[in-house]
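J.: Numbering (this note's numbering), first residue to last: 676 to 1192. In this text, a Cβ means the ideal position worked out from N, Cα and C, and glycines have one as well. For clarity, every value in this text was computed on a predicted model and none was experimentally measured. First the structure, which I've put down as C-alpha coordinates, then a few questions once you've had a look.
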(Lines of atoms letter the chains of each structure in order from A and count residues from 1; the text may use other names and numbers.)
(Lines give C-alpha, C1' and ligand atoms only; values in the text may rest on other atoms or scores of the structure.)
Protein backbone atom coordinates (compact mmCIF):
# COMPACT_ATOMS: atom_id res chain seq x y z
CA UNK A 1 0.00 0.00 0.00
CA UNK A 2 1.33 3.40 -0.95
CA UNK A 3 1.85 5.98 1.77
CA UNK A 4 1.51 9.76 1.32
CA UNK A 5 5.29 9.97 1.51
CA UNK A 6 5.79 7.43 -1.27
CA UNK A 7 3.15 9.16 -3.42
CA UNK A 8 4.86 12.53 -2.97
CA UNK A 9 8.21 10.96 -3.81
CA UNK A 10 6.81 9.36 -6.97
CA UNK A 11 5.19 12.65 -8.00
CA UNK A 12 8.44 14.50 -7.39
CA UNK A 13 10.39 11.99 -9.49
CA UNK A 14 7.83 12.27 -12.28
CA UNK A 15 8.03 16.07 -12.30
CA UNK A 16 11.83 16.01 -12.23
CA UNK A 17 12.08 13.62 -15.17
CA UNK A 18 9.34 15.52 -17.01
CA UNK A 19 11.45 18.66 -16.68
CA UNK A 20 14.71 16.98 -17.71
CA UNK A 21 13.20 15.16 -20.67
CA UNK A 22 11.05 18.16 -21.61
CA UNK A 23 14.06 20.47 -21.69
CA UNK A 24 16.15 18.04 -23.69
CA UNK A 25 13.27 17.38 -26.11
CA UNK A 26 12.50 21.14 -26.37
CA UNK A 27 9.34 23.12 -27.08
CA UNK A 28 8.50 25.77 -29.63
CA UNK A 29 6.93 29.15 -28.82
CA UNK A 30 3.17 29.29 -28.45
CA UNK A 31 0.94 29.83 -31.45
CA UNK A 32 3.28 28.29 -33.98
CA UNK A 33 3.00 25.46 -36.51
CA UNK A 34 -0.03 23.18 -35.98
CA UNK A 35 -1.22 25.21 -33.01
CA UNK A 36 -2.54 27.69 -35.55
CA UNK A 37 -4.94 24.95 -36.63
CA UNK A 38 -5.89 23.42 -33.30
CA UNK A 39 -5.96 26.43 -30.97
CA UNK A 40 -8.29 28.42 -33.21
CA UNK A 41 -11.68 27.11 -32.05
CA UNK A 42 -10.81 27.22 -28.37
CA UNK A 43 -9.36 30.73 -28.52
CA UNK A 44 -12.33 31.95 -30.56
CA UNK A 45 -14.74 30.49 -27.98
CA UNK A 46 -12.74 32.29 -25.26
CA UNK A 47 -13.22 35.57 -27.14
CA UNK A 48 -9.58 36.05 -28.13
CA UNK A 49 -9.30 39.15 -30.30
CA UNK A 50 -11.82 39.10 -33.14
CA UNK A 51 -11.43 35.38 -33.84
CA UNK A 52 -15.15 34.71 -33.19
CA UNK A 53 -15.72 36.52 -36.53
CA UNK A 54 -13.25 34.33 -38.44
CA UNK A 55 -14.75 31.97 -41.05
CA UNK A 56 -12.64 28.94 -40.12
CA UNK A 57 -13.35 29.44 -36.41
CA UNK A 58 -17.03 28.91 -37.24
CA UNK A 59 -16.55 25.64 -39.10
CA UNK A 60 -17.08 22.26 -37.43
CA UNK A 61 -14.36 21.58 -34.87
CA UNK A 62 -12.39 18.36 -35.60
CA UNK A 63 -10.98 18.16 -32.04
CA UNK A 64 -13.63 19.51 -29.63
CA UNK A 65 -12.11 18.04 -26.44
CA UNK A 66 -8.78 19.71 -27.12
CA UNK A 67 -10.52 22.96 -28.05
CA UNK A 68 -12.38 22.84 -24.74
CA UNK A 69 -9.05 22.53 -22.91
CA UNK A 70 -7.75 25.54 -24.86
CA UNK A 71 -10.94 27.46 -24.07
CA UNK A 72 -10.75 26.76 -20.32
CA UNK A 73 -7.09 27.74 -20.17
CA UNK A 74 -7.48 30.91 -22.24
CA UNK A 75 -10.68 31.95 -20.46
CA UNK A 76 -9.80 31.19 -16.85
CA UNK A 77 -6.04 30.58 -16.74
CA UNK A 78 -2.82 31.83 -18.29
CA UNK A 79 -1.38 30.92 -21.67
CA UNK A 80 1.87 29.73 -20.04
CA UNK A 81 -0.12 26.77 -18.75
CA UNK A 82 0.06 25.39 -22.30
CA UNK A 83 3.81 24.95 -21.84
CA UNK A 84 3.17 23.13 -18.56
CA UNK A 85 0.66 20.78 -20.20
CA UNK A 86 3.23 19.93 -22.84
CA UNK A 87 5.94 19.27 -20.26
CA UNK A 88 3.61 16.94 -18.33
CA UNK A 89 2.61 15.05 -21.48
CA UNK A 90 6.29 14.68 -22.38
CA UNK A 91 6.73 13.25 -18.89
CA UNK A 92 3.96 10.71 -19.52
CA UNK A 93 5.67 9.73 -22.77
CA UNK A 94 9.07 9.33 -21.10
CA UNK A 95 7.56 7.42 -18.17
CA UNK A 96 5.74 5.06 -20.52
CA UNK A 97 8.74 4.32 -22.77
CA UNK A 98 11.05 3.78 -19.80
CA UNK A 99 8.46 1.69 -17.99
CA UNK A 100 7.83 -0.60 -20.95
CA UNK A 101 11.55 -1.16 -21.45
CA UNK A 102 12.09 -1.84 -17.76
CA UNK A 103 9.25 -4.36 -17.78
CA UNK A 104 11.09 -6.36 -20.43
CA UNK A 105 14.65 -5.65 -19.27
CA UNK A 106 14.56 -5.29 -15.45
CA UNK A 107 18.03 -3.70 -15.10
CA UNK A 108 18.44 -5.59 -11.86
CA UNK A 109 22.19 -5.09 -11.62
CA UNK A 110 22.17 -1.48 -10.41
CA UNK A 111 20.48 1.87 -10.57
CA UNK A 112 23.50 3.10 -12.51
CA UNK A 113 22.63 0.71 -15.34
CA UNK A 114 19.07 2.06 -15.41
CA UNK A 115 20.35 5.65 -15.41
CA UNK A 116 22.52 4.89 -18.44
CA UNK A 117 19.44 3.54 -20.19
CA UNK A 118 17.43 6.67 -19.34
CA UNK A 119 20.24 8.75 -20.79
CA UNK A 120 19.90 6.62 -23.93
CA UNK A 121 16.15 7.36 -24.17
CA UNK A 122 16.86 11.08 -23.91
CA UNK A 123 19.69 10.72 -26.44
CA UNK A 124 17.28 9.18 -28.96
CA UNK A 125 15.09 12.31 -28.79
CA UNK A 126 17.79 14.96 -28.34
CA UNK A 127 18.29 17.84 -30.82
CA UNK A 128 21.96 17.96 -29.76
CA UNK A 129 22.57 14.40 -30.93
CA UNK A 130 20.41 15.16 -33.96
CA UNK A 131 22.70 18.07 -34.81
CA UNK A 132 25.84 15.96 -34.38
CA UNK A 133 24.45 13.04 -36.39
CA UNK A 134 23.37 15.34 -39.22
CA UNK A 135 26.85 16.86 -39.45
CA UNK A 136 28.88 13.68 -38.97
CA UNK A 137 26.69 11.00 -40.58
CA UNK A 138 24.41 13.00 -42.83
CA UNK A 139 21.26 11.64 -41.16
CA UNK A 140 18.98 13.17 -38.55
CA UNK A 141 18.77 10.62 -35.77
CA UNK A 142 15.49 11.98 -34.34
CA UNK A 143 13.80 11.54 -37.73
CA UNK A 144 14.95 7.94 -37.84
CA UNK A 145 14.51 6.84 -34.22
CA UNK A 146 11.72 8.95 -32.74
CA UNK A 147 9.28 9.64 -35.58
CA UNK A 148 6.74 7.62 -37.47
CA UNK A 149 6.29 7.31 -41.21
CA UNK A 150 4.50 9.76 -43.52
CA UNK A 151 5.82 12.82 -41.65
CA UNK A 152 3.84 11.92 -38.54
CA UNK A 153 5.32 12.10 -35.09
CA UNK A 154 4.78 11.87 -31.36
CA UNK A 155 4.86 13.95 -29.25
CA UNK A 156 6.18 16.95 -31.23
CA UNK A 157 7.46 20.36 -30.21
CA UNK A 158 4.08 22.07 -29.75
CA UNK A 159 1.04 21.25 -27.67
CA UNK A 160 -1.62 19.94 -30.04
CA UNK A 161 -4.14 17.08 -30.07
CA UNK A 162 -1.65 14.52 -31.42
CA UNK A 163 0.51 14.95 -28.29
CA UNK A 164 -2.19 13.08 -26.38
CA UNK A 165 -1.07 10.06 -28.36
CA UNK A 166 1.42 9.60 -25.50
CA UNK A 167 -1.44 7.82 -23.74
CA UNK A 168 -1.20 5.06 -26.37
CA UNK A 169 2.30 4.35 -25.07
CA UNK A 170 1.12 4.60 -21.45
CA UNK A 171 -1.66 2.17 -22.30
CA UNK A 172 0.86 -0.43 -23.47
CA UNK A 173 2.81 -0.01 -20.23
CA UNK A 174 -0.32 -0.43 -18.10
CA UNK A 175 -1.39 -3.49 -20.07
CA UNK A 176 2.01 -5.08 -19.48
CA UNK A 177 1.44 -4.38 -15.77
CA UNK A 178 -1.84 -6.34 -16.14
CA UNK A 179 -3.99 -3.26 -15.62
CA UNK A 180 -6.14 -3.91 -18.66
CA UNK A 181 -9.02 -1.56 -17.86
CA UNK A 182 -6.72 1.36 -17.16
CA UNK A 183 -4.95 0.54 -20.42
CA UNK A 184 -8.28 0.68 -22.28
CA UNK A 185 -9.09 4.01 -20.61
CA UNK A 186 -5.78 5.47 -21.79
CA UNK A 187 -6.50 4.39 -25.35
CA UNK A 188 -9.83 6.17 -25.15
CA UNK A 189 -8.23 9.29 -23.68
CA UNK A 190 -5.84 9.51 -26.64
CA UNK A 191 -8.72 9.13 -29.10
CA UNK A 192 -11.00 11.62 -27.33
CA UNK A 193 -8.40 14.38 -27.59
CA UNK A 194 -7.14 13.33 -31.02
CA UNK A 195 -9.73 11.46 -33.11
CA UNK A 196 -7.02 10.50 -35.64
CA UNK A 197 -5.71 8.19 -32.90
CA UNK A 198 -8.90 6.10 -33.15
CA UNK A 199 -7.51 3.54 -35.65
CA UNK A 200 -4.35 3.05 -33.58
CA UNK A 201 -6.38 2.76 -30.39
CA UNK A 202 -8.64 0.19 -32.05
CA UNK A 203 -5.65 -1.85 -33.23
CA UNK A 204 -4.10 -1.85 -29.76
CA UNK A 205 -7.44 -2.78 -28.19
CA UNK A 206 -7.70 -5.76 -30.52
CA UNK A 207 -4.16 -6.84 -29.67
CA UNK A 208 -4.98 -6.64 -25.94
CA UNK A 209 -8.11 -8.72 -26.43
CA UNK A 210 -6.28 -11.38 -28.42
CA UNK A 211 -3.52 -11.65 -25.82
CA UNK A 212 -5.98 -11.60 -22.91
CA UNK A 213 -7.98 -14.44 -24.48
CA UNK A 214 -4.84 -16.44 -25.14
CA UNK A 215 -3.67 -16.04 -21.54
CA UNK A 216 -6.87 -16.47 -19.48
CA UNK A 217 -9.39 -18.02 -21.90
CA UNK A 218 -12.10 -15.90 -20.26
CA UNK A 219 -14.48 -14.48 -22.86
CA UNK A 220 -16.15 -12.14 -20.38
CA UNK A 221 -12.89 -10.48 -19.31
CA UNK A 222 -11.67 -10.35 -22.90
CA UNK A 223 -14.80 -8.63 -24.18
CA UNK A 224 -14.82 -6.26 -21.20
CA UNK A 225 -11.57 -4.68 -22.42
CA UNK A 226 -13.03 -3.94 -25.83
CA UNK A 227 -16.43 -2.86 -24.54
CA UNK A 228 -14.88 -0.44 -22.05
CA UNK A 229 -12.72 1.15 -24.74
CA UNK A 230 -15.73 1.35 -27.07
CA UNK A 231 -17.95 2.92 -24.42
CA UNK A 232 -15.37 5.58 -23.64
CA UNK A 233 -14.82 6.57 -27.29
CA UNK A 234 -18.51 6.33 -28.22
CA UNK A 235 -19.05 10.11 -27.86
CA UNK A 236 -16.21 10.69 -30.34
CA UNK A 237 -17.68 8.17 -32.78
CA UNK A 238 -21.14 9.73 -32.51
CA UNK A 239 -19.78 13.27 -32.89
CA UNK A 240 -17.72 12.28 -35.93
CA UNK A 241 -20.57 10.33 -37.49
CA UNK A 242 -23.08 13.13 -37.04
CA UNK A 243 -20.99 16.17 -37.94
CA UNK A 244 -18.58 14.74 -40.51
CA UNK A 245 -20.88 12.43 -42.45
CA UNK A 246 -20.84 12.78 -46.22
CA UNK A 247 -23.09 15.50 -47.59
CA UNK A 248 -23.33 13.49 -50.82
CA UNK A 249 -20.99 11.00 -52.55
CA UNK A 250 -19.49 13.47 -55.03
CA UNK A 251 -18.84 16.22 -52.47
CA UNK A 252 -17.29 13.63 -50.13
CA UNK A 253 -15.08 12.26 -52.90
CA UNK A 254 -13.95 15.72 -53.99
CA UNK A 255 -13.18 16.83 -50.42
CA UNK A 256 -11.10 13.70 -49.81
CA UNK A 257 -9.22 14.32 -53.04
CA UNK A 258 -8.43 17.92 -52.01
CA UNK A 259 -7.16 16.83 -48.60
CA UNK A 260 -5.13 13.87 -49.87
CA UNK A 261 -3.72 15.35 -53.08
CA UNK A 262 -3.54 19.07 -52.38
CA UNK A 263 -3.31 19.79 -48.65
CA UNK A 264 -1.76 16.82 -46.84
CA UNK A 265 -0.15 14.48 -49.41
CA UNK A 266 2.91 14.38 -47.12
CA UNK A 267 0.80 12.40 -44.62
CA UNK A 268 -0.47 9.89 -47.21
CA UNK A 269 2.03 7.16 -48.01
CA UNK A 270 0.69 6.42 -51.49
CA UNK A 271 1.16 10.10 -52.39
CA UNK A 272 4.70 10.36 -51.09
CA UNK A 273 8.12 9.67 -52.46
CA UNK A 274 9.21 8.96 -48.88
CA UNK A 275 9.37 5.20 -49.42
CA UNK A 276 13.13 5.43 -49.24
CA UNK A 277 15.82 4.47 -46.80
CA UNK A 278 14.28 6.16 -43.75
CA UNK A 279 11.01 4.29 -44.23
CA UNK A 280 12.70 0.91 -44.51
CA UNK A 281 15.14 1.64 -41.68
CA UNK A 282 12.19 2.40 -39.40
CA UNK A 283 10.57 -0.88 -40.38
CA UNK A 284 13.86 -2.64 -39.64
CA UNK A 285 14.04 -1.00 -36.20
CA UNK A 286 10.58 -2.31 -35.33
CA UNK A 287 11.45 -5.81 -36.58
CA UNK A 288 14.68 -5.85 -34.55
CA UNK A 289 12.76 -4.76 -31.46
CA UNK A 290 10.24 -7.55 -32.04
CA UNK A 291 13.10 -10.03 -32.09
CA UNK A 292 14.56 -8.52 -28.91
CA UNK A 293 11.26 -9.00 -27.00
CA UNK A 294 10.29 -12.31 -28.62
CA UNK A 295 10.11 -14.11 -25.24
CA UNK A 296 7.99 -11.46 -23.54
CA UNK A 297 4.22 -10.85 -23.75
CA UNK A 298 5.04 -7.45 -25.26
CA UNK A 299 5.91 -9.36 -28.43
CA UNK A 300 2.26 -10.21 -29.01
CA UNK A 301 1.09 -6.62 -28.46
CA UNK A 302 3.69 -5.15 -30.80
CA UNK A 303 3.55 -8.00 -33.30
CA UNK A 304 -0.23 -7.93 -33.72
CA UNK A 305 -0.33 -4.13 -33.86
CA UNK A 306 2.52 -3.94 -36.36
CA UNK A 307 0.99 -6.65 -38.56
CA UNK A 308 -2.44 -5.01 -38.73
CA UNK A 309 -1.03 -1.51 -39.31
CA UNK A 310 1.40 -2.83 -41.94
CA UNK A 311 -1.35 -4.79 -43.69
CA UNK A 312 -3.65 -1.77 -43.92
CA UNK A 313 -0.73 0.36 -45.06
CA UNK A 314 0.09 -2.04 -47.90
CA UNK A 315 -3.57 -2.04 -48.96
CA UNK A 316 -3.62 1.77 -49.00
CA UNK A 317 -0.39 2.05 -50.98
CA UNK A 318 -1.52 -0.37 -53.69
CA UNK A 319 -5.14 0.83 -53.83
CA UNK A 320 -4.25 4.54 -53.47
CA UNK A 321 -7.51 4.86 -51.52
CA UNK A 322 -8.01 8.38 -50.21
CA UNK A 323 -10.62 7.16 -47.72
CA UNK A 324 -8.21 4.66 -46.17
CA UNK A 325 -5.27 7.05 -46.46
CA UNK A 326 -7.07 9.75 -44.48
CA UNK A 327 -7.59 7.25 -41.65
CA UNK A 328 -3.78 7.09 -41.37
CA UNK A 329 -3.46 3.35 -40.57
CA UNK A 330 0.31 3.93 -40.23
CA UNK A 331 -0.15 6.51 -37.47
CA UNK A 332 0.62 3.81 -34.90
CA UNK A 333 4.20 4.00 -36.19
CA UNK A 334 4.54 7.19 -34.13
CA UNK A 335 4.46 4.91 -31.09
CA UNK A 336 6.03 1.76 -32.51
CA UNK A 337 9.20 3.39 -33.90
CA UNK A 338 10.36 5.34 -30.80
CA UNK A 339 9.28 2.49 -28.53
CA UNK A 340 11.27 0.03 -30.64
CA UNK A 341 14.32 2.32 -30.58
CA UNK A 342 14.09 2.53 -26.78
CA UNK A 343 13.71 -1.25 -26.51
CA UNK A 344 16.84 -1.75 -28.61
CA UNK A 345 18.64 0.75 -26.39
CA UNK A 346 17.52 -1.20 -23.32
CA UNK A 347 18.62 -4.48 -24.89
CA UNK A 348 22.03 -3.02 -25.70
CA UNK A 349 22.49 -1.70 -22.15
CA UNK A 350 21.38 -5.00 -20.59
CA UNK A 351 23.81 -6.97 -22.78
CA UNK A 352 26.82 -4.64 -22.71
CA UNK A 353 26.69 -3.43 -19.12
CA UNK A 354 27.37 -6.78 -17.37
CA UNK A 355 30.30 -7.37 -19.73
CA UNK A 356 32.12 -4.21 -18.76
CA UNK A 357 35.46 -4.65 -16.94
CA UNK A 358 35.17 -5.23 -13.21
CA UNK A 359 37.07 -2.00 -12.59
CA UNK A 360 34.19 -0.06 -14.13
CA UNK A 361 31.39 -2.15 -12.63
CA UNK A 362 32.84 -1.65 -9.16
CA UNK A 363 32.39 2.12 -9.52
CA UNK A 364 28.58 2.44 -9.77
CA UNK A 365 28.65 5.99 -8.42
CA UNK A 366 30.95 7.12 -11.21
CA UNK A 367 28.75 5.37 -13.78
CA UNK A 368 25.68 7.05 -12.33
CA UNK A 369 27.51 10.38 -12.33
CA UNK A 370 28.42 9.93 -16.00
CA UNK A 371 24.82 9.12 -16.89
CA UNK A 372 23.54 12.05 -14.88
CA UNK A 373 26.06 14.39 -16.47
CA UNK A 374 25.00 13.25 -19.94
CA UNK A 375 21.34 13.84 -19.11
CA UNK A 376 22.10 17.28 -17.69
CA UNK A 377 24.14 18.18 -20.79
CA UNK A 378 21.28 17.16 -23.09
CA UNK A 379 18.79 19.14 -21.00
CA UNK A 380 20.99 22.25 -21.03
CA UNK A 381 21.49 21.98 -24.78
CA UNK A 382 17.74 21.65 -25.19
CA UNK A 383 17.20 24.78 -23.11
CA UNK A 384 19.71 26.56 -25.34
CA UNK A 385 17.87 25.35 -28.43
CA UNK A 386 14.59 26.63 -27.01
CA UNK A 387 16.16 30.03 -26.35
CA UNK A 388 17.18 30.27 -30.01
CA UNK A 389 13.68 29.27 -31.16
CA UNK A 390 12.04 31.90 -29.00
CA UNK A 391 14.48 34.53 -30.23
CA UNK A 392 13.83 33.55 -33.85
CA UNK A 393 10.09 33.81 -33.22
CA UNK A 394 10.50 37.25 -31.66
CA UNK A 395 12.64 38.38 -34.61
CA UNK A 396 10.27 37.10 -37.31
CA UNK A 397 10.33 39.68 -40.14
CA UNK A 398 6.52 39.57 -40.14
CA UNK A 399 6.30 40.39 -36.43
CA UNK A 400 6.17 44.23 -36.74
CA UNK A 401 3.45 44.00 -39.38
CA UNK A 402 1.44 41.53 -37.29
CA UNK A 403 1.84 43.72 -34.20
CA UNK A 404 0.41 46.62 -36.19
CA UNK A 405 -2.62 44.57 -37.21
CA UNK A 406 -3.09 43.33 -33.64
CA UNK A 407 -3.06 46.87 -32.28
CA UNK A 408 -5.35 48.37 -34.94
CA UNK A 409 -7.87 45.58 -35.68
CA UNK A 410 -11.56 46.46 -35.57
CA UNK A 411 -14.80 44.45 -35.72
CA UNK A 412 -15.95 43.60 -39.22
CA UNK A 413 -12.47 43.50 -40.73
CA UNK A 414 -11.25 40.56 -42.81
CA UNK A 415 -7.65 40.30 -44.03
CA UNK A 416 -6.37 38.77 -47.24
CA UNK A 417 -2.91 37.34 -46.55
CA UNK A 418 -0.36 35.44 -48.71
CA UNK A 419 -1.19 31.74 -49.03
CA UNK A 420 1.27 30.34 -51.56
CA UNK A 421 3.25 28.20 -49.09
CA UNK A 422 2.44 26.11 -46.01
CA UNK A 423 4.45 28.25 -43.58
CA UNK A 424 3.66 31.63 -45.16
CA UNK A 425 2.30 33.90 -42.43
CA UNK A 426 0.92 30.80 -40.69
CA UNK A 427 1.03 32.63 -37.32
CA UNK A 428 -0.92 35.66 -38.56
CA UNK A 429 -4.39 34.67 -37.37
CA UNK A 430 -3.47 33.71 -33.79
CA UNK A 431 -0.85 36.43 -33.34
CA UNK A 432 -3.10 39.24 -34.47
CA UNK A 433 -6.48 37.88 -33.42
CA UNK A 434 -7.81 39.18 -36.76
CA UNK A 435 -10.10 37.21 -39.12
CA UNK A 436 -8.65 36.23 -42.50
CA UNK A 437 -10.02 34.87 -45.76
CA UNK A 438 -8.00 31.64 -45.45
CA UNK A 439 -4.45 30.35 -45.22
CA UNK A 440 -2.83 27.16 -46.44
CA UNK A 441 -1.92 25.90 -42.97
CA UNK A 442 -5.34 25.70 -41.33
CA UNK A 443 -8.14 23.62 -42.79
CA UNK A 444 -11.64 22.39 -41.98
CA UNK A 445 -12.61 18.71 -42.31
CA UNK A 446 -16.32 18.71 -43.10
CA UNK A 447 -16.63 17.96 -46.84
CA UNK A 448 -18.61 21.08 -47.81
CA UNK A 449 -16.29 23.26 -45.74
CA UNK A 450 -13.21 21.70 -47.36
CA UNK A 451 -14.59 22.72 -50.75
CA UNK A 452 -15.23 26.25 -49.50
CA UNK A 453 -11.70 26.47 -48.05
CA UNK A 454 -10.27 25.25 -51.36
CA UNK A 455 -12.21 27.87 -53.33
CA UNK A 456 -10.86 30.59 -51.04
CA UNK A 457 -7.27 29.32 -51.27
CA UNK A 458 -7.36 29.02 -55.05
CA UNK A 459 -8.48 32.63 -55.41
CA UNK A 460 -5.94 33.87 -52.86
CA UNK A 461 -3.21 32.01 -54.75
CA UNK A 462 -4.35 33.52 -58.03
CA UNK A 463 -4.01 36.96 -56.50
CA UNK A 464 -0.59 36.44 -54.88
CA UNK A 465 0.80 34.30 -57.68
CA UNK A 466 0.35 36.98 -60.33
CA UNK A 467 3.25 39.06 -61.59
CA UNK A 468 1.48 42.23 -60.49
CA UNK A 469 -1.47 43.07 -58.29
CA UNK A 470 -4.71 41.88 -59.91
CA UNK A 471 -7.02 44.75 -59.06
CA UNK A 472 -10.13 43.20 -60.61
CA UNK A 473 -9.66 39.97 -58.66
CA UNK A 474 -9.10 41.92 -55.45
CA UNK A 475 -12.30 43.85 -56.09
CA UNK A 476 -14.17 40.59 -56.66
CA UNK A 477 -12.78 39.05 -53.46
CA UNK A 478 -13.75 42.12 -51.48
CA UNK A 479 -17.27 41.98 -52.88
CA UNK A 480 -17.72 38.22 -52.35
CA UNK A 481 -16.07 37.74 -48.95
CA UNK A 482 -16.13 41.20 -47.40
CA UNK A 483 -12.34 41.58 -47.37
CA UNK A 484 -11.34 44.93 -45.90
CA UNK A 485 -7.52 44.71 -45.81
CA UNK A 486 -4.80 43.12 -47.89
CA UNK A 487 -1.27 42.20 -46.77
CA UNK A 488 1.44 42.04 -49.44
CA UNK A 489 5.17 41.45 -49.59
CA UNK A 490 6.86 44.54 -51.01
CA UNK A 491 9.17 42.48 -53.23
CA UNK A 492 6.21 40.75 -54.84
CA UNK A 493 4.07 43.74 -55.74
CA UNK A 494 5.64 47.11 -56.54
CA UNK A 495 2.42 48.96 -57.30
CA UNK A 496 -1.07 49.05 -55.87
CA UNK A 497 -4.65 49.44 -57.02
CA UNK A 498 -7.10 52.27 -57.14
CA UNK A 499 -9.10 52.28 -53.93
CA UNK A 500 -6.30 50.91 -51.75
CA UNK A 501 -5.37 53.09 -48.81
CA UNK A 502 -1.84 52.50 -47.41
CA UNK A 503 -2.02 51.67 -43.72
CA UNK A 504 1.37 50.22 -42.86
CA UNK A 505 4.70 49.63 -44.55
CA UNK A 506 8.08 48.30 -43.44
CA UNK A 507 11.03 46.78 -45.29
CA UNK A 508 9.16 43.52 -45.94
CA UNK A 509 5.37 43.93 -45.76
CA UNK A 510 2.69 46.46 -46.50
CA UNK A 511 -0.90 46.54 -45.30
CA UNK A 512 -3.56 48.25 -47.40
CA UNK A 513 -7.11 49.11 -46.48
CA UNK A 514 -9.72 48.62 -49.19
CA UNK A 515 -11.81 51.76 -49.45
CA UNK A 516 -15.56 51.24 -49.34
CA UNK A 517 -17.41 52.20 -52.47
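Who does residue 952 pair with in a DSSP beta bridge?
T.: Answer by DSSP bridge pairing: none, since residue 952 is not bridged.
J.: What are the residues that DSSP puts in a beta bridge with residue 1111?
T.: DSSP output for residue 1111 lists 1090 as bridge partner(s).
J.: Using the rule of at least 16 other Cβ atoms within 10 Å of the residue's Cβ for burial, across every protein chain shown, is residue 1063 buried or exposed?
T.: Residue 1063 is exposed by the Cβ-count criterion.
J.: Just how far apart, CA to CA, sit residue 1189 and residue 833?
T.: Rounded to whole angstroms, residue 1189 to residue 833 spans 36 Å at the Cα level.
J.: For residue 1009 versus residue 827, is the C-beta spacing smaller than 8 Å?
T.: Yes, they are a contact pair.
J.: Considering just the uninterrupted stretch of the alpha helix (DSSP H) at residue 851, what are its terminal residues?
T.: Where residue 851 is concerned, the enclosing alpha helix (DSSP H) stretches over 841-851.
J.: In terms of residues, what are the limits of the beta strand (DSSP E) holding residue 1046?
T.: First-last for residue 1046: 1039-1069, but that is the alpha helix (DSSP H), not the beta strand (DSSP E).
J.: Applying the criterion that 16 or more other CB atoms from any shown protein chain within 10 Å of the CB defines a buried residue, is residue 800 buried or exposed?
T.: With 16 or more Cβ atoms within 10 Å of its Cβ, residue 800 is classed as buried.
J.: Per the DSSP calculation, residue 1163 is bridged to which residue(s)?
T.: Per DSSP, 1185.
J.: Does the segment 1045-1057 come close enough to the segment 776-791 that 3 or more CB-CB pairs lie under 8 Å?
T.: Taking 8 Å as the limit for Cβ pairs, the verdict is that the segment 1045-1057 does touch the segment 776-791.
J.: Excluding sequence positions up to five away, which residues of its chain have a Cβ less than 6 Å from the Cβ of residue 729?
T.: Here the set comprises 1110.
J.: For residue 760, which residues of its own chain have a beta-carbon under 7 Å away from its beta-carbon, when the five flanking residues on both sides are left out?
T.: For residue 760, where only same-chain residues beyond five positions count, the Cβ hits under 7 Å are 834.
J.: I'd like to know if the segment 704-721 and the segment 1104-1121 are in contact, where contact means that at least 3 CB-CB pairs between them fall below 8 Å.
T.: Enough Cβ pairs lie closer than 8 Å, so yes.
J.: Return the first residue and the last residue of the alpha helix (DSSP H) that residue 1136 is part of.
T.: 1122-1140 is the span of the alpha helix (DSSP H), which, as asked, contains residue 1136.
J.: Residues bridged to residue 1175 by DSSP?
T.: 1189, per the DSSP bridge assignment.
J.: Across which residues does DSSP place residue 918 in a beta bridge pair?
T.: Note: residue 918 sits in no beta bridge, so no partner.
J.: Buried or exposed for residue 724, please, with buried defined as at least 16 other CB atoms from any protein chain shown within 10 angstroms of its CB.
T.: Result: buried.
J.: Is the Cβ-Cβ distance between residue 1184 and residue 1073 less than 8 Å?
T.: Cβ distance < 8 Å, so residue 1184 and residue 1073 count as in contact.
J.: Quickly, what does DSSP pair residue 770 with across the bridge? List them, please.
T.: Per DSSP, none; premise fails for residue 770.
J.: Just the C-alpha distance for residue 846 and residue 1125, rounded to the nearest angstrom, thanks.
T.: Each residue's Cα considered, the two are about 34 Å apart.
J.: To the nearest angstrom, how far is it from the Cα of residue 974 to the Cα of residue 968?
T.: Cα-Cα distance, rounded: 6 Å.
J.: Thinking residue 822 and residue 958 are a contact (beta carbons under 8 Å), I'd like their distance in whole angstroms, please.
T.: So it is not a contact: roughly 13 Å between Cβ atoms.
J.: Between the alpha carbons of residue 751 and residue 876, how many angstroms are there, rounded?
T.: Between residue 751 and residue 876, the C-alpha separation is close to 32 Å.
J.: Excluding the 5 residues preceding and the 5 following residue 988 in the sequence, name in chain order all residues of the same chain whose CB lies nearer than 7 Å to its CB.
T.: Contacts found: 944, 1004, 1005.
J.: In chain order, what residues of the same chain lie with their CB nearer than 6 Å to the CB of residue 1028, ignoring the 5 residues before and after it?
T.: Correct list, in chain order: 788.
J.: Ignore the nearest five residues each way along the sequence and tell me which others in residue 1174's own chain have a CB closer than 6 Å to its CB.
T.: The answer, listed in chain order, is 1190.
J.: Would you please verify whether the beta carbon of residue 978 is less than 8 Å from any beta carbon of chain B?
T.: Absent here is chain B; the protein component of the structure consists of one chain.
J.: Using a 10 Å radius around the Cβ and a threshold of 16 neighbouring Cβ atoms, would you call residue 1134 buried or exposed?
T.: With 16 or more other Cβ atoms within 10 Å, it is buried.
J.: Exposed or buried, residue 908, counting other C-beta atoms within 10 Å across all chains shown (16 or more means buried)?
T.: It is buried - the Cβ of residue 908 has at least 16 other Cβ atoms within 10 Å.
J.: Expressed to the nearest angstrom, what Euclidean distance is found between the alpha-carbon atoms of residue 1136 and residue 1114?
T.: If I take the Cα positions, the gap works out to 10 Å.
J.: Return the residue from the list 1149, 996, 915 that minimises the CA-CA distance to residue 735.
T.: Minimum Cα distance to residue 735 is reached at 915.
J.: Over the uninterrupted alpha helix (DSSP H) stretch that includes residue 856, give me the two end residues.
T.: 855-868 is the span of the alpha helix (DSSP H), which, as asked, contains residue 856.
J.: In chain order, what residues of the same chain lie with their CB nearer than 7 Å to the CB of residue 746, ignoring the 5 residues before and after it?
T.: These residues qualify, in order along the chain: 717, 720, 721.
J.: If you reduce the DSSP assignment to three classes, tell me which class residue 713 lands in.
T.: Of the three classes helix, strand and coil, the one that applies to residue 713 here is helix, per DSSP.
J.: Looking at residue 841 and residue 831, is the spacing between their C-beta atoms short of 8 Å?
T.: In this structure, residue 841 does not lie closer than 8 Å to residue 831 by Cβ.
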